[in-house]
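One structure is given below, encoded as structure tokens.
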Amino acid sequence: MTTYDLIDEAVIDAPATAVWEALLSEFRGAAQWWVPANTFAPVSGSPDQVGGEVGVTVHTKGVGNGGLKLRFTARTVAVESGRRLDVEYVDGAFRGPATFRLEPLPDGRTRLSMHFAGRPHGWLGVLAKAVDLGAEHSKATLAAFECLGRRLSSSTAGARR
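One rule links them: number in the working numbering = place in the sequence shown (from 1) + 2.
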């Protein structure tokens, strides 16, 4: 069985409060910075509350470009507001835990990381033997973090003027 234990991180030129709000907004369906790879939609509750569920769709060719769509549900299992969000993938293409951590840095920036320790479920487990899903996951996550960094850097730069 294929399992993943990946940590992807980036330093975002914005305070942790702004990064936290952007993360929650994305999980509530904003589709601002994780697109074109992933979209999110609330299923029940709120992503920053234990028990809240978010539907995740991975668009393998990008949103609106056809291709395989991998769907799964993330349930929030622990929250440290502004610092950490732990989820468990409980239904769909992946199962297992993921943790988002925000570390405020002394210079006002934020280190954002995602630790994904999941495994493909069902037919995706077979596909995982032929396709490096872990590499694809990291590529998409790092691209999303880069996009978030650009968005927040430009918005905080404008606020500093």
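We treat Cβ as the ideally placed atom computed from N, Cα and C, and that holds for glycine.
If you check the beta carbons only, do Leu104 and Ala18 fall under 7 Å apart?
yes
Can you give me the C-alpha to C-alpha distance between Pro108 and Ser46, rounded to a whole angstrom? C-alpha separation (whole angstroms): 36 Å.
May I ask you to list the residues that DSSP assigns as paired with Gly250? Any property of residue 250 remains undetermined from this structure, which presents the chain solely from 3 to 163.
Query raised in the report: Between the Cα of Trp36 and the Cα atoms of Pro44, Ser157, Val52 and Ala145, which residue gives the shortest distance?
Result: Comparing Cα positions, the closest option is Ala145.
When the Cα atoms are used, what is the spatial distance from Ser115 to Cys149?
14 Å
Worksheet item: Is His139 helix, strand or coil by DSSP?
Response: Three-state DSSP puts His139 in a helix.
### Message
Quick check on the DSSP output: the alpha helix (DSSP H) that includes Leu129 runs from which residue to which?
### Response
Trp125 to Leu129
**Study point:** Same chain, Cβ closer than 6 Å to Asp88, neighbours up to 5 away in sequence not counted
**Key:** For Asp88, where only same-chain residues beyond five positions count, the Cβ hits under 6 Å are Val79, Ala80 and Thr101.
Quick one, which of Ser48, Gly127 and Gly136 has its alpha-carbon nearest His117's?
Gly136
inquiry  = By alpha-carbon positions, which one of Arg121, Gly66, Glu11 and Ser83 ends up nearest to Val52?
reply    = Ser83
How would you write the range of the beta strand (DSSP E) that Ala12 sits in, first residue to last? Leu8 to Ile14
ask   = Alpha carbon to alpha carbon, how far is Ala132 from Ala95?
value = Ala95 has its alpha-carbon roughly 16 Å from the corresponding atom of Ala132.
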